[in-house]
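Q: Below are the structure tokens for one structure; questions will follow.
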Amino acid sequence: MASKLTTNAPTGKAPIIKKMFLHNRKTNQRYRLNGAKETNRKPRKACLNRDFSQYIAYTTPQLPNKVDLRPWMTQIEDQSDANSCTANAMAGVYEYLNYRTTGRLEDVSRLFIYYNARVRDNDDDPHVIDDGSTIPSTIETVEEFGVCPEYIWPYNIKKVNTKPTKQAYSVAPQYSISEALEVDININEMKSCLAQGFPILVIMELYKSFDKAQSHGIVPMPKSNETSRASHGSHAVVLSGYSDHSRAFIVRNSWGASWGDRGYCYIPYDYIGNDKLCDIAWTVKNLGVATMGNDGWDDEDEVDYLDDDDEDEDEDEDDEDADIEEVEEEDEPEDDDYDDDDEESTKKAAVRPPKEKAPVIKKTFLHNRKTDKRYRLNGDKDMSRKPAKACLNRDFSQYVAYTAPQLPSKVDLRPWMTSIEDQSDTNSCTANAMAGIYEYLNYRTTGRLEDVSRLFIYYNSRIKDNEGDPDITDEGTSIATTIEVVEEQGVCLESLWPYNIKKVNTKPHSQCYAAAAPYGISEALELDINVDEMRSCLAQGFPFLVSLNLYNSFDKAGTNGVVTLPKSSEVARSSHGRHALVVAGYSDHSRAFIVRNSWGATWGDRGYCYIPYDYVGSNDLCNAAWTVKRLPTEKFLNKNRGNQRFNICGFGRFERLTLCLPSTYSIEPPGDVYIKIKYDSLSYWKVFI
Numbered sequence: 001m002a003s004k005l006t007t008n009a010p011t012g013k014a015p016i017i018k019k020m021f022l023h024n025r026k027t028n029q030r031y032r033l034n035g036a037k038e039t040n041r042k043p044r045k046a047c048l049n050r051d052f053s054q055y056i057a058y059t060t061p062q063l064p065n066k067v068d069l070r071p072w073m074t075q076i077e078d079q080s081d082a083n084s085c086t087a088n089a090m091a092g093v094y095e096y097l098n099y100r101t102t103g104r105l106e107d108v109s110r111l112f113i114y115y116n117a118r119v120r121d122n123d124d125d126p127h128v129i130d131d132g133s134t135i136p137s138t139i140e141t142v143e144e145f146g147v148c149p150e151y152i153w154p155y156n157i158k159k160v161n162t163k164p165t166k167q168a169y170s171v172a173p174q175y176s177i178s179e180a181l182e183v184d185i186n187i188n189e190m191k192s193c194l195a196q197g198f199p200i201l202v203i204m205e206l207y208k209s210f211d212k213a214q215s216h217g218i219v220p221m222p223k224s225n226e227t228s229r230a231s232h233g234s235h236a237v238v239l240s241g242y243s244d245h246s247r248a249f250i251v252r253n254s255w256g257a258s259w260g261d262r263g264y265c266y267i268p269y270d271y272i273g274n275d276k277l278c279d280i281a282w283t284v285k286n287l288g289v290a291t292m293g294n295d296g297w298d299d300e301d302e303v304d305y306l307d308d309d310d311e312d313e314d315e316d317e318d319d320e321d322a323d324i325e326e327v328e329e330e331d332e333p334e335d336d337d338y339d340d341d342d343e344e345s346t347k348k349a350a351v352r353p354p355k356e357k358a359p360v361i362k363k364t365f366l367h368n369r370k371t372d373k374r375y376r377l378n379g380d381k382d383m384s385r386k387p388a389k390a391c392l393n394r395d396f397s398q399y400v401a402y403t404a405p406q407l408p409s410k411v412d413l414r415p416w417m418t419s420i421e422d423q424s425d426t427n428s429c430t431a432n433a434m435a436g437i438y439e440y441l442n443y444r445t446t447g448r449l450e451d452v453s454r455l456f457i458y459y460n461s462r463i464k465d466n467e468g469d470p471d472i473t474d475e476g477t478s479i480a481t482t483i484e485v486v487e488e489q490g491v492c493l494e495s496l497w498p499y500n501i502k503k504v505n506t507k508p509h510s511q512c513y514a515a516a517a518p519y520g521i522s523e524a525l526e527l528d529i530n531v532d533e534m535r536s537c538l539a540q541g542f543p544f545l546v547s548l549n550l551y552n553s554f555d556k557a558g559t560n561g562v563v564t565l566p567k568s569s570e571v572a573r574s575s576h577g578r579h580a581l582v583v584a585g586y587s588d589h590s591r592a593f594i595v596r597n598s599w600g601a602t603w604g605d606r607g608y609c610y611i612p613y614d615y616v617g618s619n620d621l622c623n624a625a626w627t628v629k630r631l632p633t634e635k636f637l638n639k640n641r642g643n644q645r646f647n648i649c650g651f652g653r654f655e656r657l658t659l660c661l662p663s664t665y666s667i668e669p670p671g672d673v674y675i676k677i678k679y680d681s682l683s684y685w686k687v688f689i
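In UniProt numbering, the protein residues as written are 1 to 689.
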């Protein structure tokens with residue numbers, strides 16, 4: 001039975017609101033419920049109120065045994081203590097659609113969606129509270145306003161009731177939806193929607209037995225004595241696939257990647273297909289297409305997601321550890337100090353006295369006076385030492401796999417890179433670069449798109465730079481220590497220690513260190529400042545971290561990503577800043593490297609830039625270059641080559657095609673090679689050789 005708690009009266013003007021949680025008393029973890037508000041209305045526009053049953057592309061016998069859309073889903077997010085499950089679900093669906101249609105992994109702002117949906121629910125009154133939102137208003141506002149990238153309006157729950165900035169609204173219209181379709185609470189209709197490539201946003205009734213999914217992702221059917229009680233909560237989730245063998249849907253939640261099966265759970269058909277347990281289901285589109293292709297289909301459906309080998313409980317035993325709990329707590333107040341800044345920059349700007357005991361530190365920026373945008377420099381500390389362990393101080397020249405004549409004309413590793421991050425006003429470029437490389441390696445070896453905590457890396461690196469002294473400042477870190485701490489301590493997920501720059505000097509909590517231990521690197525290799533050696537490293541599938549000296553002219557890349565060689569007059573001056581970046585490819589035609597920056601996706605070419613060979617290959621401009629491996633056995637080799645063109649012999653309506661490969665192209669048997677051959681705007685052939 002739900003327990004009701006009341007807190008003391010709040011200080012200030014923040015209202016007291018009722019909050020409902022699924023609370024596990026054994027672990028003391030709790031998850032917010034009732035964020036999906038009930039309403040009888042539907043979206044007003046005809047394009048947002050279509051009936052999916054009129055657009056079904058497959059009959060039941062035509063459906064595959066399994067559909068799994070998770071490979072195109074972005075990282076699992078954590079709604080935390082906010083009641084934003086509907087906005088989290090909509091963001092997840094939009095990010096999936098964006099990735100399927102553009103190939104770009106981009107995080108969108110959940111708080112931007114959540115704020116606007118509540119204003120619509122509130123009859124356009126901007127004075128909102130954190131009490132959830134409806135699906136119709138969420139759909140309408142994403143179609144009307146769009147959604148801005150996460151880095152422009154980040155998920156800071158202190159800002160949950162704050163209107164986003166003008167910049168957020170100016171950027172958002174280019175990211176919107178065009179259609180919304182209501183799906184019947186019908187298993188076969190839902191399966192057809194997923195088979196057509198469209199995830200489904202659903203609102204479910206959750207009971208305390210749902211807590212069993214916390215450890216393994218398996219959701220049991222609620223018991224009759226649970227459903228007869230009033231103690232339950234509504235919650236919005238995303239259907240991301242199904243399995244006929246398991247008779248279950250694959251479901252994306254918003255309670256963090258440590259919940260369930262890496263943030264997902266498996267819910268029986270009989271649960272989702274019951275209109276007493278599943279209230280409503282909608283899907284959305286950003287392009288007017290009938291299907292997204294059948295890449296997510298799988299007729300080899302052998303895994304039973306609902307089979308728990310570790311489950312030895314009596315099924316009739318009551319769930320004593322968990323309860324649905326209603327609490328009265330203070331709503332989140334607006335954080336008026338969000339934009340605090342105490343610094344002395346190299347622009348000779350006036351310095352405010354530091355608040356309390358916060359030290360005043362020097363900060364170097366690349367500053368565009370015309371746009372007033374500035375980007376932090378000197379986060380890569382100039383230290384001559386190298387990592388102490390032999391496994392972290394190898395010479396890449398001993399592992400070069402290709403001579404210069406064997407190298408392809410282009411390599412591009414961006415398809416395996418995660419979304420571009422923004423280091424913001426912190427000096428964490430080295431940690432951002434290491435996180436980007438680790439996420440790439442993790443995706444290439446496991447197929448999982450996961451964000452790791454940049455602040456976790458940055459904190460531990462500075463502690464090591466500071467010889468174990470925890471009294472650190474935001475002054476950057478060295479490549480050597482960054483490599484060492486990721487090997488020693490690993491990395492935790494971003495959801496455990498998010499990028500909140502107000503905590504830049506705060507030690508992560510113990511849960512972060514426990515979770516980080518299994519996720520580290522095993523080797524680090526130093527590259528010579530040599531263009532051919534760098535190209536070989538990329539051709540072998542390994543991005544590398546570089547430390548560059550940046551000058552005023554680097555600012556030109558802010559609009560189009562094209563970096564010019566600094567003039568001799570610039571290099572002769574002392575006014576430059578060091579910066580760590582990730583080299584993610586190269587083009588011989590352009591005579592340039594493809595480089596990942598950490599200044600957000602609006603900078604350069606969607607966060608990337610193109611730096612001449614003569615820049616990165618100069619010992620006067622490039623200070624150091626390192627690559628790392630998660631596993632010593634990692635070998636990606638020539639799967640990364642760009643612009644490989646093959647002649648297709650006998651291309652027709654056949655499942656097996658013959659490929660005429662160049663004699664220089666080698667394939668390591670046994671195995672299938674999957675090659676994308678576009679025959680319409682969305683679908684691809686699967687080719688076996």
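Where is the CB? At the ideal position from N, CA and C, for every residue including glycine.
For Y155, does the three-state DSSP call read helix, strand or coil?
A: In the sequence shown, residue 155 corresponds to position 155, counting from 1. Y155 falls in the coil class under three-state DSSP.
Q: For my contact list, N83 and N34 are in at a C-beta cut-off of 8 Å; report their separation, rounded to the angstrom.
A: Within the sequence shown, numbered from 1, the residue matching residue 83 stands at position 83. Within the sequence shown, numbered from 1, the residue matching residue 34 stands at position 34. About 7 Å separates the two Cβ atoms, so the contact holds.
Q: Straight-line CA distance for R25 to W497?
A: Position 25 of the sequence shown, counted from the start, is the residue given in the question as residue 25. Position 497 of the sequence shown, counted from the start, is the residue given in the question as residue 497. Going from the Cα of R25 to the Cα of W497 covers about 23 Å.
Q: Identify which residue in N88, S80, T59 has its Cα closest to the Cα of M73.
A: For the purposes of this step, residue 73 is taken as residue 73 along the sequence shown, with counting starting at 1. The shortest Cα separation from M73 among N88, S80, T59 belongs to N88.
Q: Once you ignore the five residues that flank I157 on each side, which residues in its own chain have a CB closer than 7 Å to its CB?
A: The residue labelled residue 157 in the question sits at position 157 within the sequence shown. S80, D81, A82, E332.
Q: From E226, F198, P199, pick the residue whose C-alpha is nearest to that of Y207; which is it?
A: The residue given as residue 207 occupies position 207 in the sequence shown. Among E226, F198, P199, the Cα nearest to that of Y207 belongs to E226.
Q: Which whole-angstrom value is the C-beta distance of Y551 and E533, which I expect to be below 8 Å?
A: For the purposes of this step, residue 551 is identified with residue 551 of the sequence shown, where counting begins at 1. For the purposes of this step, residue 533 is identified with residue 533 of the sequence shown, where counting begins at 1. Going by Cβ atoms, the distance from Y551 to E533 rounds to 25 Å, so no, they are not a contact pair.
Q: Counting C-beta neighbours from all protein chains within 10 Å, is the total for V303 16 or more, i.e. buried, or is it exposed?
A: Stepping through the sequence shown from its first residue, residue 303 is reached at position 303. Burial call: exposed.
Q: Thinking C-alpha only, which one of N116, S495, G92 is nearest E106?
A: Stepping through the sequence shown from its first residue, residue 106 is reached at position 106. Out of N116, S495, G92, G92 has the C-alpha closest to the C-alpha of E106.
Q: Going along the chain, which unbroken runs of the beta strand (DSSP E) with 3 or more residues stay wholly within the region 245 to 314?
A: 248 to 252, 264 to 268, 278 to 285
Q: Do G604 and N549 come within 9 Å of each other at the CB atom, strictly closer than that value?
A: As a working note, residue 549 is residue 549 in the sequence shown. As a working note, residue 604 is residue 604 in the sequence shown. No.
Q: Assuming R454 contacts A480 (C-beta within less than 8 Å), just tell me the rounded distance between them.
A: Against the sequence shown, residue 454 aligns to sequence position 454. Against the sequence shown, residue 480 aligns to sequence position 480. The pair is not a contact, with the Cβ atoms about 18 Å apart (cut-off 8 Å).
Q: Rounding to the nearest angstrom, what Cα-Cα distance links T602 and G558 in this structure?
A: On the sequence shown, residue 602 is found 602 positions in, with the first residue counted as 1. On the sequence shown, residue 558 is found 558 positions in, with the first residue counted as 1. C-alpha separation (whole angstroms): 8 Å.
Q: Just confirm the distance between the C-beta atoms of P543 and V583, as a whole number of angstroms; I'd bet it's less than 8 Å.
A: Position 543 of the sequence shown, counted from the first residue, corresponds to residue 543. Position 583 of the sequence shown, counted from the first residue, corresponds to residue 583. Sure, about 6 Å apart at Cβ, within 8 Å.
Q: Of all the options S536, D68, P222, which has the alpha carbon lying nearest to the alpha carbon of S409?
A: Locating residue 409 in the sequence shown gives position 409, where the first residue counts as 1. Answer by Cα proximity: S536.
Q: Return the bridge partner residues of T364 from the DSSP annotation.
A: Here residue 364 refers to the residue found at position 364 of the sequence shown. DSSP, once it has assigned bridges, lists L377 as partnering T364.
Q: Comparing alpha-carbon positions, which option in D51, W153, N505 lies nearest I457?
A: For the purposes of this step, residue 457 is identified with residue 457 of the sequence shown, where counting begins at 1. With distances taken between Cα atoms, I457 lies closest to N505.
Q: So what does DSSP say about G436, is it helix, strand or coil?
A: Position 436 of the sequence shown, counted from the start, is the residue given in the question as residue 436. Secondary structure of G436 (DSSP, three-state): helix.
Q: Determine, using beta carbons only, whether Y519 and N427 come nearer to each other than 9 Å.
A: Taking the first residue of the sequence shown as 1, we reach residue 519 at position 519. Taking the first residue of the sequence shown as 1, we reach residue 427 at position 427. Cβ atoms of Y519 and N427: not closer than 9 Å.
Q: Drop a sphere of 10 angstroms on the beta-carbon of H579, count the other beta-carbons inside from all chains shown, and report buried for 16 or more, exposed for fewer.
A: Here residue 579 refers to the residue found at position 579 when the sequence shown is read from its first residue. If you draw a 10 Å sphere on the C-beta of H579, you find 16 or more other C-beta atoms in it, and that means buried.
Q: State the beta-bridge partners of S234 as determined by DSSP.
A: Along the sequence shown, read from residue 1 onward, the residue named residue 234 stands at position 234. Residue pairing by DSSP places S234 opposite E205 in a beta bridge.
Q: When we look at the beta-carbon of D680 and count the other beta-carbons within 10 Å, is it buried (16 or more) or exposed?
A: Within the sequence shown, numbered from 1, the residue matching residue 680 stands at position 680. A caution first: D680 carries a pLDDT of 33, below 50, which makes its placement in the model unreliable, though a value can still be read off. Exposed: under 16 other Cβ atoms inside 10 Å.
Q: Enumerate in chain order the residues of its own chain whose CB-to-CB distance from K639 is below 8 Å, with the five nearest sequence positions on each side excluded.
A: By 1-based counting over the sequence shown, the position of residue 639 is 639. Because the pLDDT of K639 is 46, which lies under 50, any placement of that residue in the model is unreliable, and the number read from its coordinates should be weighed accordingly. Result list for K639: G541, in chain order.
Q: So I437 and E487 are in contact, right, with Cβ under 8 Å, and what is the actual spacing, rounded?
A: On the sequence shown, residue 437 is found 437 positions in, with the first residue counted as 1. On the sequence shown, residue 487 is found 487 positions in, with the first residue counted as 1. Not really, about 13 Å apart at Cβ, beyond 8 Å.
Q: Can you tell me whether F654 is buried or exposed? The criterion is at least 16 other CB atoms within 10 Å of its CB, across all chains shown.
A: Looking up residue 654 in the sequence shown gives position 654. The predicted position of F654 is uncertain, since its pLDDT is 34 and thus under 50; a value taken from the coordinates is nonetheless stated next. By the Cβ neighbour-count rule, F654 is exposed, with fewer than 16 other Cβ atoms within 10 Å of its own.
Q: In terms of residue numbering, what span does the beta strand (DSSP E) encompassing F456 cover?
A: For the purposes of this step, residue 456 is identified with residue 456 of the sequence shown, where counting begins at 1. Where F456 is concerned, there is no enclosing beta strand (DSSP E), although the alpha helix (DSSP H) it sits in stretches over 454 to 465.
Q: From T473 to K502, what does the alpha carbon distance come to, in whole angstroms?
A: Residue 473 sits at position 473 when you count from the first residue of the sequence shown. Residue 502 sits at position 502 when you count from the first residue of the sequence shown. Rounded to whole angstroms, T473 to K502 spans 12 Å at the Cα level.
Q: I need the DSSP call for Y610, collapsed to helix, strand or coil.
A: Indexing the sequence shown from 1 puts residue 610 at position 610. If DSSP states are grouped into helix, strand and coil, Y610 belongs with the strands.
Q: I need the straight-line Cα distance from S234 to T138, nearest angstrom please.
A: Your numbering for residue 234 matches position 234 in the sequence shown. Your numbering for residue 138 matches position 138 in the sequence shown. Distance between the alpha carbons of S234 and T138: 16 Å.
Q: Inspect the CB distances between the region 94 to 109 and the region 277 to 287 and report whether three or more fall short of 8 Å.
A: yes
Q: Give every residue of the same chain whose Cβ lies closer than 7 Å to the Cβ of S209, excluding the five residues on either side of it in the sequence, and list them in chain order.
A: Position 209 of the sequence shown, counted from the start, is the residue given in the question as residue 209. Answer for S209: P220, P222, K223, E226, D319, listed in chain order.
Q: Taking its Cβ as the centre, do 16 or more other Cβ atoms sit within 10 Å of P470, making it buried, or is it exposed?
A: Stepping through the sequence shown from its first residue, residue 470 is reached at position 470. Its Cβ having fewer than 16 others within 10 Å, P470 is exposed.
Q: Output the boundary residues of the alpha helix (DSSP H) element that contains F112.
A: Locating residue 112 in the sequence shown gives position 112, counting from the first residue. Per DSSP, F112 belongs to the alpha helix (DSSP H) from 110 to 121.
Q: What does F593 pair with, by DSSP beta-bridge criteria?
A: The sequence position of residue 593 within the sequence shown is 593, counting from 1. F593 pairs with Y586, I611.
Q: Roughly how many angstroms separate the alpha carbons of N432 and T627, rounded to a whole number?
A: The residue labelled residue 432 in the question sits at position 432 within the sequence shown. The residue labelled residue 627 in the question sits at position 627 within the sequence shown. Approximately 14 Å between the Cα atoms of the pair.
Q: So, does the region 175 to 186 touch the region 141 to 152, judging by three or more C-beta pairs under 8 Å?
A: yes
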